[in-house]
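Asks: Position in the sequence shown (from 1) plus 52 gives the number in my numbering.
Here's a structure for you.
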Amino acid sequence: LVFSSSATVYGDSEHWELNESMPVGVPSNNYGYTKLTVEQLLAKTASADSRWSFANLRYFNPIGAHRSGLIGEDPKGIPNNLLPFVSQVGIGKLPYLSIFGNDYPTPDGTAIRDYIHVMDLAAAHLKALQYIQHSRGNHVWNIGTGNGSSVLEIVVQFEHVTGKNIPFKHMPRREGDIAACWANASKADKELGWTAQYNLQDMISDLWNWQTKNPNGYDV
Ligand code: UDP
Numbered sequence: 053l054v055f056s057s058s059a060t061v062y063g064d065s066e067h068w069e070l071n072e073s074m075p076v077g078v079p080s081n082n083y084g085y086t087k088l089t090v091e092q093l094l095a096k097t098a099s100a101d102s103r104w105s106f107a108n109l110r111y112f113n114p115i116g117a118h119r120s121g122l123i124g125e126d127p128k129g130i131p132n133n134l135l136p137f138v139s140q141v142g143i144g145k146l147p148y149l150s151i152f153g154n155d156y157p158t159p160d161g162t163a164i165r166d167y168i169h170v171m172d173l174a175a176a177h178l179k180a181l182q183y184i185q186h187s188r189g190n191h192v193w194n195i196g197t198g199n200g201s202s203v204l205e206i207v208v209q210f211e212h213v214t215g216k217n218i219p220f221k222h223m224p225r226r227e228g229d230i231a232a233c234w235a236n237a238s239k240a241d242k243e244l245g246w247t248a249q250y251n252l253q254d255m256i257s258d259l260w261n262w263q264t265k266n267p268n269g270y271d272v
């Protein structure tokens, strides 16, 4: 069984680079609570019954789209996540981006995340499936690039890749957000032979391809 877990299980860690041997934290919302609870159920199941093989993939921040522009993210209503929001500002559906917090203890004051291309994430699933066919028990892997980008860096990179202007306003921090996190993804490299292949420019360019080919998402 491959479980789509999340870096949110680390909670508000004192470390910004996260590895799998670090303790899990207190979830700041129900989403994180469900991820942590399922991870704990799988760990208990594996220790009670050695026939099981589990891969808990702790996703960092998946973005982008299939390179064809045929498959992508189509959030309903106003997007919650950063890249879908920026993308809708880029295409003119939303007037400006609200940047939640510019007083974090990061170099530019905005929060840092490890954004990963969805196709890299897909590749990690295949590697994990192969691995657990030969190795039983409960396994945990971070799935991220190992690089962190701030919200402002995302805006600048988005403007650079798409040639669009992204107006933004600084707003207060969003409740439950942490300052910064990125993956130490060396365990997945060592055990699965998986590392991220796509950089931020690829992720944004594939997202933009999807967005411009499907300005209304899957609704025609
Ligand atoms: N963010 C923002 N404006 C938005 C959406 C998100 O400034 O409209 C910030 C958010 O505060 C966080 C980062 O962008 O620091 C990534 O947010 P997202 O919701 O995409 O992922 P999360 O890491 O919260 O799961």
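Every residue, glycine too, gets a C-beta built ideally from N, C-alpha and C.
Just so it is clear, the structure is predicted and the values come from calculations on it, not from any experiment.
Given 8 Å as the limit, tell me if Pro-131 has its C-beta closer than that to any heavy atom belonging to ligand 1.
Replies: For the purposes of this step, residue 131 is identified with residue 79 of the sequence shown, where counting begins at 1. Because some heavy atom of ligand 1 lies under 8 Å away, the Cβ of Pro-131 counts as near it: yes.
Asks: On the DSSP bridge assignment, give the partners of Lys-221 in chain order.
Replies: To locate residue 221, count along the sequence shown from 1; it is residue 169. Looking at the DSSP assignment, Lys-221 forms a beta bridge with Ser-150.
Asks: Since I believe Leu-134 is in contact with Val-203 (beta carbons under 8 Å), could you give me their beta-carbon distance rounded to a whole number of angstroms?
Replies: Mapped onto the sequence shown, residue 203 falls at position 151. Mapped onto the sequence shown, residue 134 falls at position 82. Indeed, because the Cβ distance is near 7 Å, the residues count as touching under 8 Å.
Asks: Determine the DSSP secondary structure at Ala-175, reduced to helix, strand or coil.
Replies: Locating residue 175 in the sequence shown gives position 123, where the first residue counts as 1. Helix at Ala-175.
Asks: Ends of the alpha helix (DSSP H) at Ala-163?
Replies: Counting from one through the sequence shown, the residue named residue 163 turns up at place 111. Premise fails: Ala-163 is in no alpha helix (DSSP H) and is neither H nor E.
Asks: Tell me, which residues are paired with His-212 by DSSP?
Replies: Along the sequence shown, one-based indexing puts residue 212 at 160. According to DSSP, His-212 bridges with nothing at all.
Asks: Could you check where the beta strand (DSSP E) with Tyr-111 kicks off and where it finishes?
Replies: Numbered from its first residue, the sequence shown carries residue 111 at position 59. Where Tyr-111 is concerned, the enclosing beta strand (DSSP E) stretches over 105-111.
Asks: Using the C-alpha atoms, what's the distance from Ala-107 back to Gln-92?
Replies: Translated into positions along the sequence shown, residue 92 becomes position 40. Translated into positions along the sequence shown, residue 107 becomes position 55. Spanning the two alpha carbons is a distance of roughly 12 Å.
Asks: Going by DSSP, what residues sit across from Leu-70 in a beta bridge?
Replies: Sequence index remark: in the sequence shown, residue 70 carries index 18 (1-based). For Leu-70, which the question treats as bridged, DSSP gives the partners Ala-235.
Asks: Tell me which same chain residues have a C-beta within less than 7 Å of the C-beta of Asn-162, skipping the five on either side of it?
Replies: By 1-based counting over the sequence shown, the position of residue 162 is 110. Here residue 162 turns out to be Thr, not Asn, going by the sequence shown. Excluding positions up to five away in sequence, the list reads Ile-151, Gly-153, Asn-154, Tyr-156, Ser-202, Val-203, Leu-204.
Asks: When burial is assigned at 16 or more other CB atoms within 10 Å of the CB, is Asp-160 buried or exposed?
Replies: For the purposes of this step, residue 160 is taken as residue 108 along the sequence shown, with counting starting at 1. Per the 10 Å Cβ criterion, exposed.
Asks: When the distance is taken between beta carbons, is Gly-228 closer than 9 Å to Ser-80?
Replies: Position 28 of the sequence shown holds residue 80. Position 176 of the sequence shown holds residue 228. A contact, by the Cβ cut-off of 9 Å.
Asks: From Asp-271 to Gln-209, what does the alpha carbon distance come to, in whole angstroms?
Replies: Locating residue 271 in the sequence shown gives position 219, counting from the first residue. Locating residue 209 in the sequence shown gives position 157, counting from the first residue. Rounded to the nearest angstrom, the two C-alpha atoms are 28 Å apart.
Asks: Any contact of the segment 112-122 with the segment 242-258, i.e. 3+ C-beta pairs under 8 Å?
Replies: Counting Cβ pairs under 8 Å, three or more are found: they touch.
Asks: Within 10 angstroms of its Cβ, does Gly-245 collect 16 or more other Cβ (buried), or is it exposed?
Replies: The residue you call residue 245 lines up with position 193 of the sequence shown. Per the 10 Å Cβ criterion, exposed.
Asks: For the 8 Å Cβ check, are there 3 or more pairs between the segment 231-251 and the segment 161-176?
Replies: Yes: the two stretches touch, three or more of their Cβ pairs being nearer than 8 Å.
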